[in-house]
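Report on the following structure.
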Ligand SMILES: [Zn+2]
Ligand SMILES: [Zn+2]
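Residue numbers (this note's numbering): 10 to 359.
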């Protein structure tokens with residue numbers, strides 16, 4: 010089913026408003042709680058629905074169409090988009106099958122920063138760059154900020170490790186005028202346990218994993234039971250990488266973390282080396298959650314500069330271009346000052 014949630018007052022479409030933790034109608038500003046919207050949905054009220062694949066042409070190739078205006082929403086090869094705005098009527102559209110059944114997230118971390126706050130945050134951040142193009146700070150640019158939910162696997166593990174290590178202590182002794190260093194080595198056996206809670210792994214191919222690593226941490230205490238209305242008005246994709254595909258690499262890096270953490274527990278040596286380690290996983294849990302990101306693709310000349318913001322904490326990742334105009338101005342001023350100094354020197358020394 011393709012769904013649009015409608016405002017009970019005026020019939021426009023409702024969008025999730027992060028700052029208020031409610032659904033809001035951009036047309037008449039009326040507000041509904043997510044629970045109320047879900048109740049109306051259970052009664053088949055205040056919602057427009059359509060089939061996910063509809064064959065209008067009779068060609069036998071069904072397309073995904075907007076239930077409000079019947080425009081084609083996406084290319085048939087797009088198998089992951091679950092929330093978007095209709096490119097023609099701008100209504101927030103939700104593709105249910107991509108967020109239900111086996112594809113249903115357990116949790117959503119709802120947007121905390123509204124679009125207005127995200128814009129201000131980008132603007133404030135850009136002030137630090139004195140040579141940032143002025144066009145970045147305009148509403149025309151910042152209005153292009155787009156909220157999107159990133160599908161993410163959250164891995165939790167408990168682990169046990171048995172380690173054999175060598176600790177070294179150096180002793181310096183004076184023998185006459187010379188200093189003699191003797192090294193004592195110690196054999197250390199250590200068994201230790203570790204627990205790692207909700208280690209995130211990006212399940213999306215649109216946003217690079219390295220970007221999500223910079224935007225972290227998210228506060229998972231705010232995780233909320235998933236329901237579709239939270240996605241209304243944003244972009245969202247179904248996971249493209251399964252938990253099974255990511256599990257091994259997460260486990261490997263946690264093994265290394267546990268060994269490093271254990272090593273640091275050992276005190277009183279000048280150096281500690283790991284000879285052998287055996288790590289067992291004693292418990293595991295995988296959860297599927299949607300995490301909020303504000304994205305702004307800043308176009309400068311022919312190039313695009315993507316900027317990302319944590320939709321909960323406001324942390325930003327990205328690089329802004331240097332304004333050619335401002336750079337030329339700085340060079341101009343420097344050149345003028347140097348020239349002035351040379352002229353003065355020439356006059357004094359003449
Ligand atoms: Zn309304
Ligand atoms: Zn439409």
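Ideal placement from N, C-alpha and C gives every residue a C-beta, glycine not left out.
Check	Outcome
Within the continuous alpha helix (DSSP H) that includes residue 273, where are the two ends?	252-274
Alpha carbon to alpha carbon, how far is residue 356 from residue 332?	36 Å
What span of residues does the alpha helix (DSSP H) with residue 216 cover, start to end?	Where residue 216 is concerned, there is no enclosing alpha helix (DSSP H), given that its DSSP letter is neither H nor E.
Buried or exposed: residue 301, going by 16 or more other Cβ atoms within 10 Å of its Cβ?	buried
Is residue 100 near ligand 2, in the sense that its beta carbon is under 7 Å from a heavy atom of that ligand?	yes
Do residue 363 and residue 38 have their CB atoms nearer than 8 Å?	Because residue 363 is not part of the residues shown, which for the chain are 10 to 359, the question remains open.
Tell me the rounded alpha-carbon separation between residue 102 and residue 159.	17 Å
Name the two residues that bound the continuous beta strand (DSSP E) containing residue 130.	It is not in any beta strand (DSSP E) - residue 130 instead sits in the alpha helix (DSSP H) that spans 124-135.
Residue 306: which of 29, 251, 131 sits nearest, CA to CA?	131
With a threshold of 16 other CB atoms inside 10 Å of the CB of residue 94, please say whether the residue is buried or exposed.	buried
Does DSSP classify residue 232 as helix, strand or coil?	coil
Cβ of residue 97 versus every heavy atom of ligand 2: is any distance shorter than 7 Å?	yes
Looking only at C-alpha atoms, which of 74, 211, 295 sits nearest to residue 63?	74
Is residue 43 near residue 229, with beta carbons less than 8 Å apart?	no
I think residue 55 touches residue 15, with their Cβ atoms under 8 Å apart; what is that distance to the nearest whole Å?	4 Å
Any chance the region 240-247 sits against the region 17-33, with 3 or more Cβ pairs inside 8 Å?	yes
Taking the alpha-carbon of residue 303 as reference, which of 330, 81, 127 has the nearest alpha-carbon?	127
When the distance is taken between beta carbons, is residue 323 closer than 8 Å to residue 151?	no
Let me check you understand the geometry: is the CB of residue 92 closer than 7 Å to at least one non-hydrogen atom of ligand 2?	no
Helix, strand or coil for residue 335, going by three-state DSSP, please let me know.	helix
Please tell me whether, using a cut-off of 7 Å, the distance from the CB of residue 18 to the nearest non-hydrogen atom of ligand 1 is below it.	yes
Let me confirm a value: residue 70 is counted as buried when at least 16 other C-beta atoms fall within 10 Å, else exposed. Which label applies?	exposed
With DSSP run on the structure shown, which of helix, strand or coil describes residue 160?	strand
Work out the CA separation of residue 343 and residue 352 for me, nearest whole Å.	14 Å
Alpha carbons only, please: which of 202, 163, 164, 234 is nearest the one belonging to residue 117?	234
What residue range does the beta strand (DSSP E) around residue 26 cover?	24-26
Have a look at 279, 326, 26 and flag the residue whose alpha-carbon is nearest the alpha-carbon of residue 191.	279
For residue 322, which of helix, strand or coil comes out of DSSP?	coil
Rounded to a whole number of angstroms, what is the C-alpha to C-alpha distance between residue 119 and residue 98?	25 Å
Per the contact definition of three or more C-beta pairs closer than 8 Å, is the region 157-177 in contact with the region 279-299?	yes
Does the pairing of the region 216-228 with the region 260-279 give three or more beta-carbon distances under 8 Å?	no
Can at least three beta-carbon pairs, one atom from the region 307-320 and one from the region 198-212, be found at a separation below 8 Å?	no
Could you check if residue 21 belongs to the surroundings of ligand 1, using beta carbon to heavy atom distance under 7 Å?	yes
Under a three-way DSSP split, which group does residue 345 fall into?	helix
One question on the structure: do residue 175 and residue 284 come within less than 8 Å of each other, judged by their Cβ atoms?	yes
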